[in-house]
Amino acid sequence: MREPNTQQFLSLPRLCGWAMGYAFRRGWPLLGVGGSLLFRVGLDVLKPWPMVFLIDYVLRGQTPPPLAARLVAALPGAATPANLVGWCVAATVLVFLLSWLAGLAATYSNVSLGQRMTYDLAADLFSKLQQLSLHFHARKSVGDHIRRVTGDCGCAAVIVKDALLPAISSVVSLGLMFG
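Mapped onto the numbering used here, the consecutive letters of the sequence shown carry residue numbers 323 to 501.
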């Protein structure tokens, strides 16, 4: 009995690198997913700032930093606390809407990237199956090959869009939150 070749087994980094190879084939959809995720992370970092401004500088009456004071002076009608409350509410709603739109763009890009990666892997697998000998095909059923080409090819997309990209997004988000 032969021992299995340990070189054949994929480690986690090699598996992730293999899956990212299919993602890098589709540069624009990957860029769309990555960009929308990073934009959403940036908006998540901005979410508490209108409330911080409202509590610290409007309700408590503290003096804002020079940059914030110049930004407030540029707003129309921002001289009174009531108008500043309105601007804080508007900023909160704007950040929420932009975050929702970024999530929508990320979902759309995710679907596009996932489908394209699945089709790329299916094409590669089908090409590999065509290169195999007739003896190999005689030992396996046709249904098994069809199921593998049509069903198992979503694995690369699942690894990238459901595991790697959210993990990268979370690490970036944590870094920005602590920063």
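All C-beta atoms in this analysis are idealised placements derived from N, C-alpha and C, irrespective of residue type, glycine included.
Bear in mind the structure is a predicted one, so any value in this text is a computation, not a measurement.
Asked                                                                                                                                             : Found
By DSSP, does T472 sit in helix, in strand, or in coil?                                                                                           : helix
Buried or exposed for P398, please, with buried defined as at least 16 other CB atoms from any protein chain shown within 10 angstroms of its CB. : exposed
Would you kindly work out how many angstroms separate the C-alpha atoms of R336 and V482, rounded to a whole number?                              : 13 Å
Excluding the 5 residues flanking R324 on each side, which residues of the same chain have their C-beta closer than 6 Å to its C-beta?            : Confidence is the limiting factor: at R324 the pLDDT is only 46, short of 50, which leaves the residue's position unreliable and the question unanswerable from this model.
Could you work out which residue in R382, M439, L365, L426 is closest to R275 when comparing CA atoms only?                                       : Because the chain here runs from 323 to 501, residue 275 falls outside it and cannot be looked at.
Report the option in V480, F361, G501 whose CA atom is closest to the CA atom of A345.                                                            : V480
The alpha helix (DSSP H) with Y344 in it runs from where to where?                                                                                : 334 to 347
Closer than 8 Å is the cut-off here; do at least three beta carbon pairs connect the segment 363 to 372 with the segment 484 to 500?              : yes
Does the distance from the C-beta atom of A413 to that of P372 stay below 8 Å?                                                                    : yes
Compute the distance between the beta-carbons of V417 and V380, then report whether it is under 8 Å.                                              : no
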